[in-house]
Amino acid sequence: MTLPNKITFGRLLLAFIVVALLLLPGFPNQFTWAAIIFVLAASTDFIDGMIARRTKTTSGLGAFMDPLADKFLILLTFVVLATMNLYPLWLFVLMLARDLLNDAYRNYAASQRIIIGANPASKLKTTLQMLSLMSALLVLVFRHEQIQALSTASADLLLQIANILMLAALLVGVVGTAQ
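Residue numbering for the sequence shown follows the numbering used here, beginning at 806 and increasing consecutively.
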């Protein structure tokens, strides 16, 4: 297995750790650890692709697993944060529906021996989603772990920014898929 594929599988594992930390009550500094691990996992999305291209070790497994690991990291974290009322549930449902329709389209194309690669819009969508989720995780850190670095108003503003970034990601994803 190539190093980029190992990194991708690591991101998949980290996604489950982030979710476990968000859901485990009483774990010391659980939101801080979830945020740190999420940032680490998100950064591997850029690192594995960069290494694969530089070392010319791209693979079919990597092409399959990379977007899957992204979806696990993003959608699992997103749904947990939506159930914690950091995002409206309708936004999660629309994003999930968009991703399912897009994946169905890609699977149909693949069945016709047409490979649809990632486009700049899908990379921008993923980046916006990750930035949004990082912002929402920071809100949890500031609200629940007695870090007084941000006032309540500032934390609320950060949460609004997180929601705007996620809505922008949805719009970019829909427009990018339509092209």
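Even for Gly, the Cβ is constructed at its ideal location relative to N, Cα and C. For clarity, every value in this text was computed on a predicted model and none was experimentally measured.
Item to check | Three-state secondary structure assigned by DSSP to P830 | outcome: Within the sequence shown, residue 830 is the residue found at index 25, counting from 1. P830 falls in the coil class under three-state DSSP.
Item to check | T862, DSSP secondary structure in three states | outcome: For the purposes of this step, residue 862 is identified with residue 57 of the sequence shown, where counting begins at 1. T862: coil per DSSP, three-state reduction.
Next on the checklist: Excluding the 5 residues flanking L828 on each side, which residues of the same chain have their C-beta closer than 8 Å to its C-beta?
Outcome noted: Along the sequence shown, read from residue 1 onward, the residue named residue 828 stands at position 23. Around L828: V885.
Checklist entry - Counting pairs of beta carbons, one from the segment 957-976 and one from the segment 915-928, are three or more of them closer than 8 Å? => result Verdict: no, contact absent.
Checklist entry - What residue ranges within the segment 919-960 form continuous beta strand (DSSP E) runs of no fewer than 3 residues, ordered along the chain? => result The segment 919-960 contains no whole beta strand (DSSP E) run of 3 or more residues.
Item to check | Backbone secondary structure at T888 - three-state DSSP | outcome: Within the sequence shown, residue 888 is the residue found at index 83, counting from 1. Note: T888 maps to helix in three-state DSSP.
Next on the checklist: Given this structure, state the Cα-to-Cα distance separating N912 from L878, to the nearest angstrom.
Outcome noted: For the purposes of this step, residue 912 is identified with residue 107 of the sequence shown, where counting begins at 1. For the purposes of this step, residue 878 is identified with residue 73 of the sequence shown, where counting begins at 1. In this structure, the alpha-carbon of N912 lies about 21 Å from that of L878.
Checklist entry - Using DSSP with H/G/I as helix, E/B as strand and the rest coil, what is Q835? => result Along the sequence shown, read from residue 1 onward, the residue named residue 835 stands at position 30. Helix at Q835.
Checklist entry - On the premise that T807 lies in contact with S864, defined as a C-beta separation below 8 Å, what is that separation, rounded to the nearest angstrom? => result The count along the sequence shown starts at 1 and reaches residue 864 at position 59. The count along the sequence shown starts at 1 and reaches residue 807 at position 2. Your pair S864 and T807 checks out as a contact, with CB atoms roughly 6 Å apart and the cut at 8 Å.
Next on the checklist: Assuming contact is defined by CB atoms lying nearer than 9 Å, are L881 and V946 in contact in what I supplied?
Outcome noted: Working through the sequence shown from its first residue, we reach residue 881 at position 76. Working through the sequence shown from its first residue, we reach residue 946 at position 141. Not closer than 9 Å, so no.
Item to check | Candidates Q835, M935, A868: closest to I812 by CA position | outcome: Locating residue 812 in the sequence shown gives position 7, counting from the first residue. It is A868.
Checklist entry - What do you reckon, are the CB atoms on S927 and T982 nearer than 9 Å? => result Start at 1 with the first residue of the sequence shown, and residue 927 comes out as number 122. Start at 1 with the first residue of the sequence shown, and residue 982 comes out as number 177. Contact flag set, yes.
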